[in-house]
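To convert, count from 1 in the sequence shown and add 1; that's our numbering. Note sheet for the following structure.
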Amino acid sequence: MTVQPIRLFGDPVLRTPADPVVDFDAELRRLVADLTDTMREQNGAGLAAPQLGVGLRVFTFDVDDVLGHLVNPVLEFPDAEEQDGPEGCLSIPGLYFDTKRRQNVIAKGFNGYGDPVQIVGTGLMARCVQHETDHLDGVLFVDRLDPAGRKEAMKAIRQAEWYDAAAPPTVKLNPHAAGSPFGLGR
2 MTVQPIRLFG DPVLRTPADP VVDFDAELRR LVADLTDTMR EQNGAGLAAP
52 QLGVGLRVFT FDVDDVLGHL VNPVLEFPDA EEQDGPEGCL SIPGLYFDTK
102 RRQNVIAKGF NGYGDPVQIV GTGLMARCVQ HETDHLDGVL FVDRLDPAGR
152 KEAMKAIRQA EWYDAAAPPT VKLNPHAAGS PFGLGR
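Here it is, written out as structure tokens:
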């Protein structure tokens with residue numbers, strides 16, 4: 002178990018959809034431990050494997066005193082209720098922008114041993130699960146902002162001391178269901 006460096010905005014791994022996990026082995030469980038240690042060291046609510054440079058569909062979370070992980074998540078939305086509030090990302094450190102998300106989510110997947118897991122989340126847990134699943138799809142929360150919000154976010158990112166102008170970042174529009182900022186077509 003080791004704290005790992007977090008990949009920052011502009012790193013291509015953050016824009017690459019992650020591969021499904023097929024081997025539920027000791028290596029996967031070490032990855033979960035590294036994700037957990039790194040997330041906790043950085044005081045994050047969640048951390049996805051691509052943020053450590055690993056292109057696998059796994060993330061950890063620590064929300065409302067619930068610590069866990071999910072492998073190969075699939076999201077369902079039981080209703081259309083929304084939330085709008087500040088959202089940040091360990092790969093975009095120190096910056097927060099109001100981001101619309103679904104208020105309620107059901108996430109199904111597996112634990113590190115391949116056992117089925119289901120998370121029913123609302124509020125911050127729902128936001129975290131959606132945010133981390135987006136990472137697994139190569140989507141960053143700034144992609145979900147409206148055009149004015151994206152412009153403001155990009156300006157703030159370019160001014161951040163951690164920003165590397167030699168590796169210019171890209172922002173893409175939400176690749177999910179047409180017209181939906183929440184990926185309802187999944």
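We treat Cβ as the ideally placed atom computed from N, Cα and C, and that holds for glycine.
- Ranked by Cα distance from Pro-79, the options Gly-122, Gln-52, Leu-146 and Phe-111 are led by Gly-122.
- For the set Asp-35, Leu-15 and Gln-84, the Cα lying nearest the Cα of Gly-56 is the one of Leu-15.
- A residue is called buried once 16 or more other Cβ atoms fall within 10 Å of its Cβ, and Gly-11 is buried on that count.
- Under the three-state reduction of DSSP output, Val-143 falls in the helix class.
- In this structure, DSSP gives Val-130 a helical state, which the three-state scheme calls helix.
- DSSP places Pro-79 in no alpha helix (DSSP H); its state is neither H nor E.
- When secondary structure is reduced to three states using DSSP, Glu-153 falls in the helix class.
- With a cut-off of 8 Å on Cβ pairs, the stretch 63-74 is in contact with the stretch 105-115, counting three or more such pairs.
- The beta carbons of Val-67 and Leu-32 sit no closer together than 8 Å.
- Our two residues, Pro-117 and Arg-103, have alpha carbons roughly 23 Å apart in a direct line.
- By the Cβ criterion, the stretch 135-147 is in contact with the stretch 83-101, since at least three pairs of Cβ atoms, one from each stretch, lie closer than 8 Å.
- Along the stretch 32-68, the beta strand (DSSP E) occurs as fully enclosed runs of 3 or more residues at 47-49 and 59-64, listed in sequence order.
- By the Cβ neighbour-count rule, Arg-128 is buried, with 16 or more other Cβ atoms within 10 Å of its own.
- DSSP places Arg-103 within a strand segment (E or B) once states are collapsed to three.
- Under a 10 Å Cβ-count criterion, Gly-45 is classified as buried, with 16 or more other Cβ atoms of the shown protein chains found around its own Cβ.
- Closest in alpha carbon position to Met-155, among Ile-93, Gly-115 and Gly-139, is Ile-93.
- Between Met-40 and Asp-65, the gap from beta carbon to beta carbon reaches 8 Å or more.
- Here Leu-15 carries a helix assignment [DSSP, helix/strand/coil].
- Ala-81 counts as exposed, since fewer than 16 other beta carbons sit within 10 angstroms of its beta carbon.
- The closest CA to that of Glu-88, considering only Pro-13, Gly-69, Val-130 and Ala-50, is found on Val-130.
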